[in-house]
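> Encoded as structure tokens, here's the structure I'll be asking about.
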Amino acid sequence: MAHTEHSNAHQGGGLKNPVVKRLLVVTGILTALTVLEFIIAFAMEASMLKNSIFAVLTVFKAFYIVGEFMHLKHEVKALIWSIVIPLAFILWFIVAMLKEGSAH
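According to our numbering, the sequence shown holds residues 951 to 1054 in order.
As structure tokens, then:
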């Protein structure tokens, strides 16, 4: 009997499972961002702007992955800020060291 119910659920042709639908949306967004990164990689000359765009897109993708797959998007705001603020300082430190290291 369970096999018959399972078979009937797939005969509609559409995505009825909201989990699968959400997973496909997340995959589409991450794929679009990755394609954008590839376009920028091959279309722009090497510059600080290009590196900054890559850094911002990478951080955006990382936050999106953490929010969706580690379910942090639905956590309390204090937990999210306890992760975001130190990361912002680390990124600022990296940018400052890169800028300072390239100064003559």
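Positions of the beta carbon are idealized from the N, C-alpha and C atoms, including for glycine.
When DSSP labels each residue in this structure, what does Ala-996 get in the three-state scheme?
Three-state DSSP puts Ala-996 in coil, outside helix and strand.
> What is the DSSP secondary structure of Lys-1011, reduced to helix, strand or coil?
In the structure shown, Lys-1011 sits in a helix (DSSP, three-state: H, G or I).
> Assuming Phe-1004 contacts Glu-987 (C-beta within less than 8 Å), just tell me the rounded distance between them.
Indeed they touch by this definition, with Cβ atoms about 7 Å apart.
> Distance, Cα to Cα, Leu-983 vs Ala-1012?
Roughly 11 Å separates the two Cα atoms.
> Just to check my reading of the structure: Val-1016 and Leu-1041 have Cβ atoms closer than 8 Å, yes? What is that Cβ distance to the nearest angstrom?
Not really, about 15 Å apart at Cβ, beyond 8 Å.
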